[in-house]
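First up is the structure itself, then whatever we jot down about it.
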Amino acid sequence: MSLRCNNPGCFKTYENETNTENSCQYHSGEPLIRDSLKQWSCCGKKSLDFLKGCVYGQHSSVKPNITPKTDSSFIPEESVKTAPKEVRKEQISRPSKNQKMVPLEIKVEDSLRDALKDYENVTQNVTELKCLNYGCSAVIECRYHSMPPSFHDRTQLWPCCNKQSAEIEYFLKIGGCVIGDHRWPKNPGQTSCKVDFMDSADTVTVVVYARATDPQKCQISSNGCRLVVEATFSGNKYFETDIELFGVCKVDYGLELIFLISTRYDTVYI
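Residue numbers (the numbering used here): 3 to 272.
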């Protein structure tokens, strides 16, 4: 009659006539289970499934009083990792945005020197400026409209003198009805530039795209939480901006570098 062996890790069928001291391969310890890994306490081997026994003996049909246990102290070696040490940077107190601005060092690249040669003779006369009063294009005498134009049902109207026209080209040629002083723009060449921000673990970079910046007419300053840029580029164009930085940069000579090149200038905080 065939019997079933109940030794841990065996569970084979056997007959008493052929049951010898080396017939059964089983585990003498208890099974331990943690997460998806299984381990026998007798041999310490770990696997996704139970391994074959570690000792030999006779088969036994007696059921041992053993139940799988979850060992809270059992941690697979491959899952033990050391947490990286936290790197703390030096904390810098945020100054007031009204604190004194410090001029930053400027380095001029060779590409900018070559580009400036194309703008040496570029100047702007006052006679080339356009008066901002409506309808005026004169240089000396300013004859303009005192009220802005009105548009209604395909008709253009100057409300100040009640002159109107359905043709836009003729309407724009209607001379002003008032004589007075010209109203010039405060800065004739003022324009806008594209600004990019880039940061890394050690640097913060502000990139302003301005072609052929004049180093003699470029002033960049900061107080750690603000960046003020005033620059003339492309002959007579002027750019000005006041940028408030989200973080705090340590302002010190030698730590901030502004590289002026032909197509842009980079402000690098180290």
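We put the CB at the ideal spot given by N, CA and C, even for glycine.
Assignment of S49 by DSSP, reduced to helix, strand and coil, places it in the strand class. DSSP, reduced to helix, strand and coil, places I176 outside both helices and strands of the structure shown, so it counts as coil. Apart from sequence neighbours up to five positions away, the residues of its chain that approach C26 with a beta-carbon distance below 8 Å are C7, N9, C12, K14, Y16, G55, Y58, G59, Q60, H61, S62, ordered along the chain. Rounded to whole angstroms, S194 and E242 show a C-alpha spacing of 8 Å. It is roughly 18 Å from the alpha-carbon of C163 to the alpha-carbon of E171. In this structure the region 145-154 does not touch the region 106-113; the number of beta carbon pairs closer than 8 Å is below three. Take the alpha-carbon of V209 and the one of N225: they are about 18 Å apart.
Per DSSP, F13 lies in no beta strand (DSSP E) segment and is marked neither H nor E. The closest CA to that of K175, considering only R185, W160, D183, G182, is found on W160.
Between V180 and N135, the alpha-carbon positions lie close to 10 Å from each other. At a Cβ-Cβ threshold of 8 Å, G178 and Y211 do not count as neighbours. L118 and C220 have their C-alpha atoms spaced approximately 13 Å apart. The beta carbon of T157 sits closer than 6 Å to those of Q166, A168, all from its chain and outside the five residues before and after it, given in chain order. Non-local C-beta neighbours of M103 in its own chain, meaning closer than 8 Å and more than five positions away in sequence, comprise S223, S224, N225, R228, V230, ordered along the chain.
In the DSSP secondary-structure assignment, C144 is bridged to G182. Residue burial annotation: F235 is buried, with at least 16 other C-beta atoms found within 10 angstroms of its C-beta.
By the CB criterion at 8 Å, L39 and K47 fall outside the cutoff. Under the DSSP definition of a beta bridge, C26 partners with G59.
A direct Cα-to-Cα measurement between R96 and R213 gives close to 33 Å. Assignment of beta-bridge partners to M200 by DSSP yields T207.
Closest in C-alpha terms to F173, from the list K196, T205, C138, comes C138. Looking at the backbone, the Cα of D116 and that of E232 are separated by about 22 Å.
Closest option to N238, judged by alpha-carbon separation, among C144, I108, Q192, V64: Q192. The shortest CA-to-CA distance from I245 to any of H154, N18, F199, T215 is the one to F199. The straight-line gap separating the alpha-carbon atoms of L34 and T20 is approximately 32 Å. With respect to the 8 Å criterion, S43 and G31 are classified as neighbours on the basis of their beta carbons. Burial check for T215: the Cβ neighbour count within 10 Å reaches 16 or more, so the residue is buried.
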